[in-house]
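The numbers in the numbering used here rise by one with no breaks, and the one at position 33 of the sequence shown is 33.
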Amino acid sequence: MVPGNVTEVVVEVGARDLHDYHAWLDAGAHRIAVHVEAGPHPHRALQAIRDMGLVAGLALNPGTPLETVTPLLNSVDQVVLMSVNPGFGGQTYIPLVAKIEAVKQMVDAGGHDIDIEVDGGINAETIKECAVAGANVF
């Protein structure tokens, strides 16, 4: 990423914050991922992102059950698995191998073309286990 350019935004907002999506689009974002925990209408938020021609992602905090992803798989281009709790810098990576494998299995079983991203605490030691488990964006 070039300093000063926005290419990807992972935000804790829901459909009620649609005005923010346009600001990120204007800043150059091509992907926006919303946290499923942030609002009651993730379908609406994901559709709004896609309607702007952007890659729509769904982010899950480490403790969020995967069952929240299942009904949204047809609405996303990317699943972002947070391997740290958002909002607190300097955290240690929370191992997610089983969660990554489960998402990969859901994506493959449904025939979806969805990127699986792991966000937080990724380094030379953790990236390999995430990639082997099925993640393809870091």
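Beta carbons are placed, not taken as given, at the ideal position from N, Cα and C, and that holds for glycine.
Taking only three categories from DSSP, how would you classify residue i?
{"i": "histidine 43", "result": "helix"}
{"i": "valine 103", "result": "helix"}
{"i": "arginine 114", "result": "The sequence given here has isoleucine at residue 114, not arginine. If DSSP states are grouped into helix, strand and coil, isoleucine 114 belongs with coil."}
{"i": "aspartate 51", "result": "helix"}
{"i": "leucine 73", "result": "helix"}
{"i": "asparagine 5", "result": "Since pLDDT at asparagine 5 reaches only 46, below the 50 mark, its modelled position is unreliable, and the value read off the structure follows with that caveat. In the structure shown, asparagine 5 sits in coil (DSSP, three-state: anything other than H, G, I, E or B)."}
{"i": "valine 80", "result": "strand"}
{"i": "alanine 59", "result": "strand"}
Our contact map puts residue i next to residue j with C-beta atoms below 8 Å; I'd like the distance itself, whole angstroms only.
{"i": "glutamate 117", "j": "alanine 135", "result": "7 Å"}
{"i": "glycine 121", "j": "threonine 92", "result": "6 Å"}
{"i": "alanine 23", "j": "valine 34", "result": "Alanine 23 to valine 34, Cβ: 14 Å. No contact."}
{"i": "histidine 41", "j": "serine 75", "result": "Their Cβ separation, rounded to whole angstroms, is 11 Å, which puts histidine 41 and serine 75 out of contact at 8 Å."}
{"i": "leucine 96", "j": "methionine 52", "result": "Not a contact, Cβ separation roughly 29 Å."}
{"i": "isoleucine 139", "j": "valine 107", "result": "Residue numbering for the chain in the displayed model covers 1 to 138; residue 139 lies beyond these limits and cannot be assessed."}
Where do the ends of the beta strand (DSSP E) carrying residue i lie?
{"i": "valine 34", "result": "31-35"}
Span of the alpha helix (DSSP H) holding residue i?
{"i": "alanine 131", "result": "126-133"}
Query raised in the report: Are at least three pairs of beta-carbons, each pair with one atom in the region 76-90 and one in the region 45-58, less than 8 Å apart?
Result: yes
Decide if the region 85-101 is in contact with the region 68-75; the criterion is three or more beta carbon pairs, one per stretch, under 8 Å apart. no
At least three beta-carbon pairs within less than 8 Å, the region 84-94 to the region 103-114: no
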